[in-house]
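Report on the following structure.
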Amino acid sequence: MPATTVPFRHLFGPGPTNPYPEATLALSRPLLGHLDSAFIAAMDHSCEGLRQVWGTSNARTLPLSATGSAGMEAAFVNTVHPGDVVVIGVNGLFGERMCDVAARCGAEVVRVDFEWGTPVDADRLAAAHPNPTIIAAVHAETSTGVRSDIAALGAVKGDALLLVDAVTSIGGIELRADDWGIDVGYAGTQKCLGVAPGLAPFTINERAWERRVAKPQSWYLDLGMLGGYVGEASGAKRTYHHTAPVAMVVSLAAALDRILDEGLADVWARHQAAGVALQAGLQEMGLELFAAEGHRLPELTTVKVPDGVDSARVRGYLLDRYDIEIGAGVKQYASSVWRIGLMGPNANPGSVELILAALADALRHA
Ligand code: PLP
230 MPATTVPFRH
240 LFGPGPTNPY
250 PEATLALSRP
260 LLGHLDSAFI
270 AAMDHSCEGL
280 RQVWGTSNAR
290 TLPLSATGSA
300 GMEAAFVNTV
310 HPGDVVVIGV
320 NGLFGERMCD
330 VAARCGAEVV
340 RVDFEWGTPV
350 DADRLAAAHP
360 NPTIIAAVHA
370 ETSTGVRSDI
380 AALGAVKGDA
390 LLLVDAVTSI
400 GGIELRADDW
410 GIDVGYAGTQ
420 KCLGVAPGLA
430 PFTINERAWE
440 RRVAKPQSWY
450 LDLGMLGGYV
460 GEASGAKRTY
470 HHTAPVAMVV
480 SLAAALDRIL
490 DEGLADVWAR
500 HQAAGVALQA
510 GLQEMGLELF
520 AAEGHRLPEL
530 TTVKVPDGVD
540 SARVRGYLLD
550 RYDIEIGAGV
560 KQYASSVWRI
570 GLMGPNANPG
580 SVELILAALA
590 DALRHA
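Residue numbers (the working numbering): 230 to 595.
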């Protein structure tokens, strides 16, 4: 196969999902210059759409030209002063990554562990330290398929800033940054927003802005300079900071239009219905779910690999036979858990039927 020919795949994995058609089409349009007024309008439009999917009125809401991990890094590098106490709830891989990033920014990290497959508990996080600067958690843990209660964290954060990872929740499940007390949040485009990977939707409120680090270690992720990048939307004069990934921003704007046209509540309901149907179907097949009941994400379902079944063989069979990719488990669950994503355009009844039928076939024949 020539390197430029990309096979068609149904992506049911936790990785980059298939984009909404509108987002894909937008990627094929002629490129605009990054200072073209039409591009600036698209950027402003995407910032406004992001405010809606974040559930925020924060002026400083923008798509960082960066992956979700760089969004995480931007969140910490701009808010952690050396020696600050940062309490982090860890119930999976991305909470662990937060600890690493915060420590590199000079934080005194207070790590509070929860069993993988269960949510973080607000009261335990609040009790972990009397006076933290930041409390941080992952809303939707992609490594385990678990949703944590961010509103409960907001209710107990006290004087701390609440810093939240919404990479796998934004555009898929209820997310209300302002109502829940999120001060700083980062996300990714490749999950439920249904855009290619590579942008980090970011939001920061006035409370966090006033406490930010004056001169962060990172030049590129210094939010003080990025204000100029998004211009009026952030209350700053637009100046050159870096060359925007114009195609990605235009693609994001198209996906946000699609989501907001459908209606955010209806998009959440579509993800919920697909996830519930998939999880019921898997249990009817005799499979056991990994994430604790009552805390399961609809957009990312974790399933225990049945005893005696070779996880990699089944995944390989799905790929070869059906062009379907599902995810393996993470770390200690690499061969004992599967992760099935139903995100963005994949969250629909047809995808549920397809993956259930294909998995049943794979379990019989792989
Ligand atoms: N946080 C969560 C919850 C994720 O699922 C991911 C990626 O899958 C990230 C952070 C990191 O995002 P990226 O891979 O775009 O750097």
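We treat Cβ as the ideally placed atom computed from N, Cα and C, and that holds for glycine.
Asked: A482 and G278 look like a contact to me (Cβ under 8 Å); what is the Cβ gap, rounded to whole Å?; Found: 7 Å
Asked: Counting only runs of 4+ residues fully inside the region 284-350, write out the alpha helix (DSSP H) ranges in chain order.; Found: 297-306, 322-333
Asked: By how many angstroms is the C-alpha of Y469 removed from the C-alpha of P578?; Found: 45 Å
Asked: In whole angstroms, give me the CA-to-CA distance for N360 and D352.; Found: 14 Å
Asked: Would V543 be called buried (16 or more neighbouring beta carbons within 10 Å of its own) or exposed?; Found: buried
Asked: Run the CB neighbour count on E491, radius 10 Å, all protein chains shown included, and call it buried at 16 or more, exposed below.; Found: exposed
Asked: Taking D394 and H368 to be in contact with their CB atoms under 8 Å, please state how far apart those CB atoms are, rounded to whole angstroms.; Found: 6 Å
Asked: Hey, out of D486, N320, A591, L518, whose CA is closest to A255's CA?; Found: D486
Asked: Quick test of the definition: if touching needs 3 or more C-beta pairs under 8 Å, does the region 424-436 touch the region 299-310?; Found: yes
Asked: I need the boundaries of the beta strand (DSSP E) containing T253, first residue and last residue.; Found: Careful: T253 lies outside any beta strand (DSSP E), inside the alpha helix (DSSP H) at 250-256.
Asked: Look at V309 and I363 and say whether their C-beta atoms are less than 8 Å apart.; Found: yes
Asked: Beta-carbon within less than 6 Å of F268's beta-carbon, same chain only, minus the 5 sequence neighbours each way: which residues are those?; Found: L261, V475
Asked: Closer than 6 Å by C-beta to V282: which residues in its own chain qualify, once you throw out the five before and the five after it? Chain order, please.; Found: I399, G400
Asked: Under 8 Å between the Cβ atoms of Y551 and H594?; Found: no
Asked: Report yes if the CB atom of V315 is closer than 8 Å to the CB atom of V349, and no otherwise.; Found: no
Asked: Pick out the complete beta strand (DSSP E) segments inside the region 402-462, 3 residues or longer, and give them in chain order.; Found: 413-415, 429-433
Asked: Given A563, which residues of its chain have a CB within under 7 Å of its CB, disregarding the five upstream and five downstream residues?; Found: A557
Asked: If you measure between the beta carbons of A366 and G410, is that distance less than 8 Å?; Found: no
Asked: For the candidate residues E513, E528, V559, whose alpha-carbon lies nearest to that of A503?; Found: E528
Asked: So N434 packs on N287, CB below 8 Å; how close in whole Å?; Found: 5 Å
Asked: Closer than 7 Å: is that where the CB of T397 sits relative to any heavy atom of ligand 1?; Found: yes
Asked: Which word fits L571, buried or exposed, when buried means at least 16 other C-beta atoms lie within 10 angstroms of its C-beta?; Found: buried
Asked: Going by beta carbon distance, what residues of the same chain come within less than 6 Å of E517, once the five residues before and after it are set aside?; Found: K533
Asked: For A357, tell me which candidate among T347, F343, E370 has the shortest Cα-Cα distance.; Found: F343
Asked: If we ignore side chains and look at the alpha-carbon of each, how far apart do T632 and T472 end up?; Found: Residue 632 is absent from the structure shown; the chain starts at 230 and stops at 595.
Asked: Taking R499 as part of the alpha helix (DSSP H), name the residues at either end of that continuous run.; Found: 493-513
Asked: Round the Cβ separation of V341 and A521 to the nearest angstrom and send it over; I've been treating them as touching at under 8 Å.; Found: Between A521 and V341 the Cβ distance is about 17 Å, and since that is not below 8 Å, they are no contact.
Asked: Measuring straight from C-alpha to C-alpha, what distance separates D273 and G321?; Found: 34 Å
Asked: Can M301 be considered in contact with ligand 1, in the sense that its beta carbon sits closer than 7 Å to one or more heavy atoms?; Found: yes
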